[in-house]
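Asks: The working numbering applies: residue 411 is where the sequence shown begins, and numbers increase by one. For every residue, glycine included, the Cβ atom is placed at its ideal position computed from N, Cα and C. There's a structure below that I have some questions on.
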Amino acid sequence: MLTVFGLPKMQDNIDNFILQLDGAAPHWSATVSPVLTLRDFLLWGYIKDADLTELKHLIAATIDEFDSDTLIRTWEEMDYLL
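Structure below.
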């Protein structure tokens with residue numbers, strides 16, 4: 411039925427055909443320009459070092475908050491799953 415009816419209909423209306431396979435209700439993405447401007451590069455040049463340093467600090471601080479029991483239980487769970 412698909413090859414007899416469905417496929418020819420889709421080919422007839424190929425300009426108006428939208429296939430969505432993600433299980434969500436019909437939707438369309440917002441139009442977003444992927445163009446990076448000179449301002450983007452200028453701003454990134456000023457903030458990237460500060461942001462990267464801050465990010466590394468936040469990651470290290472978060473890891474330091476883990477207690478050894480949590481890490482041991484996580485490792486044992488991973489070993490169990492393997």
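Report the residue ranges of all beta strand (DSSP E) runs contained in full by the region 416-474; include only those spanning at least 3 residues, in chain order.
Replies: none
Asks: In angstroms with no decimal places, state the Cα-to-Cα distance between G455 and L412.
Replies: In the sequence shown, the residue the question calls residue 455 occupies position 45. In the sequence shown, the residue the question calls residue 412 occupies position 2. Looking at the two C-alpha atoms, the distance is approximately 54 angstroms.
Asks: Rounding to the nearest angstrom, what Cα-Cα distance links S439 and D432 in this structure?
Replies: The residue given as residue 439 occupies position 29 in the sequence shown. The residue given as residue 432 occupies position 22 in the sequence shown. Taking the straight line joining both Cα atoms gives about 13 angstroms.
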